[in-house]
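Chains as they are written, first to last, in my numbering: chain U, 1 to 718; chain H, 1 to 188.
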């Protein structure tokens with residue numbers, strides 16, 4: 001790994017974390033966005049709309065050559081000049097040459113991320129043409145000499161006082177930090193630019209093959225001016241913006257503003273085809289189609305879906321990491337989840353190497369993506385690529401390759417740790433302080449101690465009296481349940497026995513492999529998948545139950561994916577995936593047994609935290625709530641119930657503890673504001689994070705697994 | 001058959017939500033009166049079919065307005081307002097579609113602070129998907145196009161995400177609903 005690069009990245013994180021005003025602004029925006037977006041989609045079926053877009057964009061990718069040819073023919077027939085630029089430099093050279101030929105002193109630009117991608121302004125400047133940004137946010141950024149921190153709202157990280165200062169320098173008088181006034185200043189200052197400029201430069205949101213035209217989706221009206229007044233119009237368009245027909249284009253237009261800013265539609269959608277009239281002549285229209293890594297991306301089976309992106313920026317809006325550090329940390333030119341992927345292909349793996357680890361894996365972006373891109377999965381595969389290129393770090397390498405793959409060694413070492421930790425646990429189940437340089441790990445949350453005896457041992461001693469079992473199920477404990485919270489596994493046995501289900505614990509099961517996978521070590525993940533498939537199928541269980549949704553995703557999704565091309569393993573992986581189910585979902589859906597807990601519990605005010613991988617991975621979120629309410633608790637919803645708690649496994653322990661801590665802080669605040677005395681969840685990772693945070697605050701609120709609450713209710717009945 | 005009163009109702013509601021002012025006019029005379037009350041600077045009146053048919057420029061001039069009908073490149077920057085027809089509209093988002101290939105239509109709707117749009121309510125489509133039909137017909141009829149979908153006045157939220165009306169385009173959009181102006185979406 002490149003040490004200087006990592007150091008710079010750490011410094012950017014620290015700087016962002018020292019700007020609470022920025023975090024506050026991004027959090028407020030995130031909240032307001034979800035409300036506005038909800039209203040904008042109120043009358044529409046978002047899932048159906050994104051299915052359509054995803055299918056359409058996928059077919060565009062598959063038929064790209066023909067569509068590109070159709071677009072080019074139609075555009076040229078309408079008098080446009082079309083240029084296909086292989087690289088950013090190629091595009092810049094073409095446009096700079098054109099500017100020289102026109103003797104252009106000034107080019108007015110409307111917002112174009114593609115021109116940010118190619119650093120077009122610098123190229124124009126070198127050619128003697130001043131590029132004037134006219135989108136308000138872009139102009140602010142240009143005056144400040146910065147880069148956008150959001151794809152749709154480039155200056156979202158700046159405040160009106162800073163804008164007033166920049167504008168004052170520009171006008172030479174003191175401009176008040178009042179937003180309406182500042183907008184008026186921009187209108188007046190930029191107006192002459194449209195009239196003077198020889199060239200207008202825009203991007204395009206869509207290129208329509210059917211017509212050879214482009215569509216611009218904008219709010220301010222500057223793109224209309226920039227494409228009308230100057231005699232030359234250059235549109236810089238990524239080749240992935242192609243759609244076949246006007247219907248397809250309309251479907252994109254319908255979704256884009258709703259998902260980007262929560263607007264039903266932008267003020268302007270401008271459909272431009274060909275050389276339209278301009279001051280008594282014909283407009284000189286140049287469409288520069290930009291490849292710059294897009295064809296390579298199209299050929300990557302793991303990553304190609306990223307080309308379906310319509311650049312709404314919603315993946316950043318909902319991202320807890322983005323909300324904590326902003327786009328100048330969590331991005332390069334393109335920001336947020338999609339930014340990681342585009343950076344790798346447009347600006348090189350090197351520029352993506354740090355930010356690819358910044359993703360916490362909560363899948364909130366996947367849930368909101370209008371093109372249904374599995375951003376998390378693509379980011380994981382990039383992490384793996386970077387892991388292969390640069391290594392994943394010597395420490396992790398030994399742990400994953402040498403230790404975890406050898407189950408007996410791995411588990412032996414954890415057992416040894418249980419003994420060695422005694423000086424710091426002081427006989428308690430949580431570690432409140434660690435000595436010396438480990439101390440930062442327990443500064444903001446306690447850590448659970450390794451249990452004296454793991455679940456795999458104690459479960460053997462638990463007597464199960466199920467006379468006529470409905471099912472025999474295997475429990476996949478996962479490392480946390482096994483070694484940190486064995487009592488959770490015993491509670492699961494209690495609950496299942498009460499529902500006439502017998503539980504057994506396959507002793508050969510190992511770590512699910514997610515920690516290795518998330519660190520970029522796929523080879524270890526595959527080895528662990530095989531070990532677990534054999535272990536879990538061996539006793540021929542009716543179902544395999546999980547108490548950890550991240551393990552659930554591994555068993556249901558990852559193992560199948562890892563082994564789909566391996567004939568010896570594919571069918572077994574499929575079989576395991578079919579019978580794997582999370583515990584709460586199993587009680588409600590497979591057993592239909594929620595009512596068996598009716599009013600058993602001593603009622604408590606409980607709030608529920610949705611674990612990322614349970615809600616957005618397994619699609620389970622109603623079931624635990626139903627169980628908690630049926631048991632007789634008073635369920636109160638906290639704000640942002642499905643927002644990540646900041647755990648993310650090694651994310652919170654080693655890679656990004658400082659970001660994890662802030663995200664946990666948000667969660668603890670939401671829990672406190674709910675007024676509940678118990679927060680329930682269905683993930684031992686979340687328990688570790690939230691319980692640890694609550695304990696460190698000396699909070700009276702307890703954090704429990706839903707299964708623990710059910711077992712408690714059964715005991716209260718007796 | 002289209003449910004015109006229902007479409008009109010949802011169009012008006014959606015347009016008002018995004019800050020357009022919508023006025024029900026009995027006829028063109030009422031629309032002219034409306035302009036007289038609001039315009040004291042020059043008014044750009046480009047050529048468009050329903051305006052020509054109904055002698056709009058003359059009516060505006062007779063009402064005492066300072067009407068500009070040519071040399072828009074030099075006049076537009078200082079004009080107070082522009083008036084145009086509308087090809088068709090979309091109810092769900094309160095959107096107007098203007099075939100703006102003729103440059104004067106663009107100049108009249110981008111540079112002045114106020115835009116008055118005359119819309120025959122018979123030309124309201126339910127939504128943008130339904131309106132693909134006339135959009136495509138316009139593309140088939142003309143070899144080159146500049147077609148503008150306009151939804152409310154120009155806006156920004158680029159400073160601290162505070163919605164502010166009127167950045168580079170018109171600060172006001174007045175939609176004047178005038179029946180029997182033209183029921184053809186291909187003509188403005």
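Don't be surprised by glycine CBs; every beta carbon is placed ideally from N, CA and C.
Predicted model only: the values in this text are computed from it and were never measured.
> Can you name the residues of chain H whose CB is closer than 8 Å to the CB of residue 247 of chain U?
Replying inline: 129 and 132
> Helix, strand or coil for residue 468 of chain U per DSSP?
Replying inline: coil
>> What would DSSP say about residue 281 of chain U, mapped onto helix, strand or coil?
In response: strand
>> So that I know if they touch, is there some Cβ in chain H lying closer than 8 Å to that of residue 279 of chain U?
In response: yes
>> Pull the bridge partners of residue 189 of chain H from the DSSP assignment, please.
In response: Because chain H in this structure spans residues 1 to 188, residue 189 of chain H falls outside the shown range and cannot be described.
> Roughly how many whole angstroms lie between the Cα atoms of residue 563 of chain U and residue 431 of chain U?
Replying inline: 39 Å
>> Quick check: residue 232 of chain U and residue 184 of chain U, are their CB atoms within less than 8 Å of each other?
In response: no
> In the region 461-483 of chain U, which residues sit with their C-beta less than 8 Å from some C-beta in chain H, listed in chain order?
Replying inline: none
> Which residue from U/229, U/324 and U/257 puts its Cα closest to that of residue 25 of chain U?
Replying inline: U/324
>> If you follow the beta strand (DSSP E) that residue 680 of chain U is in, where does it begin and where does it stop?
In response: 678-681
> Per DSSP, residue 174 of chain H forms a beta bridge with which residues?
Replying inline: H/21 and H/116
> Applying a beta-carbon distance threshold of less than 8 Å, which residues of chain U neighbour residue 78 of chain H?
Replying inline: The contacting residues do not exist; residue 78 of chain H stays about 11 Å from chain U at best.
> In this structure, what does DSSP give as the bridge partners for residue 155 of chain H?
Replying inline: H/165
> On the three-state DSSP scale, how would you describe residue 714 of chain U?
Replying inline: helix
> Considering only the beta carbon of each residue, do residue 242 of chain U and residue 60 of chain U sit closer than 8 Å?
Replying inline: yes
> What residue range is occupied by the uninterrupted alpha helix (DSSP H) comprising residue 728 of chain U?
Replying inline: Look at the range of chain U in this structure, 1 to 718, and you will see that residue 728 of chain U is not part of it.
> Would residue 161 of chain H pass as a contact of residue 156 of chain U if the rule is Cβ separation under 8 Å?
Replying inline: yes
>> For the alpha helix (DSSP H) containing residue 86 of chain U, name the first residue and the last one.
In response: Counting along the chain, residue 86 of chain U falls outside any alpha helix (DSSP H), and DSSP gives it neither H nor E.
>> For the region 645-652 of chain U against the region 661-670 of chain U, do three or more pairs of beta-carbon atoms, one drawn from each stretch, fall closer than 8 Å, so that the two count as touching?
In response: yes
> Taking the alpha helix (DSSP H) that residue 379 of chain U falls in, what are its first and last residues?
Replying inline: 375-390
> In or out: residue 314 of chain U buried (at least 16 other Cβ within 10 Å) or exposed?
Replying inline: buried
> Of the residues that make up the region 142-163 of chain H, which ones have a beta carbon closer than 8 Å to any beta carbon in chain U?
Replying inline: 143, 144, 145, 146, 147, 148, 149, 150, 151, 152, 153, 154, 155, 156, 157, 158, 159, 160, 161 and 162
>> Residues in the same chain with beta-carbon distance under 6 Å from residue 257 of chain U, minus the five sequence neighbours each way, listed in chain order, please.
In response: 263, 265 and 266
>> Between H/107, H/137, H/114 and H/184, which has its C-alpha nearest residue 121 of chain H's C-alpha?
In response: H/184
>> So, at 6 Å on beta carbons, what are the nonlocal neighbours of residue 544 of chain U in its own chain, with the 5 sequence-adjacent residues on each side left out?
In response: 474, 476, 536, 579 and 580
>> Check whether the region 363-381 of chain U and the region 615-627 of chain U touch, using three or more Cβ-Cβ pairs below 8 Å as the test.
In response: yes
> According to a CB-to-CB cut-off of less than 7 Å, which residues of the region 213-229 of chain U neighbour chain H?
Replying inline: 213, 219, 220, 221, 222, 224, 225 and 228
> How is the alpha helix (DSSP H) around residue 579 of chain U delimited, first residue to last?
Replying inline: 570-579
> With a CB to CB cut of under 7 Å and the five nearest residues on each side skipped, what residues in its chain are close to residue 351 of chain U?
Replying inline: 332 and 343
>> Please report whether the beta-carbon of residue 518 of chain U lies at a distance below 8 Å from any beta-carbon of chain H.
In response: no
> Secondary structure at residue 607 of chain U, three-state DSSP: helix, strand or coil?
Replying inline: strand
> How do the region 98-109 of chain H and the region 134-147 of chain H stand: do at least 3 beta-carbon pairs fall below 8 Å, yes or no?
Replying inline: yes
> If you draw a straight line from the C-alpha of residue 317 of chain U to the C-alpha of residue 534 of chain U, how long is it?
Replying inline: 42 Å
> Within 8 Å (strictly less), CB to CB, does residue 440 of chain U reach chain H?
Replying inline: no
> How is the beta strand (DSSP E) around residue 334 of chain U delimited, first residue to last?
Replying inline: Residue 334 of chain U -> no beta strand (DSSP E), and no H or E assigned at all.
> Where in the region 165-221 of chain U do unbroken runs of the alpha helix (DSSP H), each at least 4 residues long, occur, reported from the N-terminal end onward?
Replying inline: 179-196
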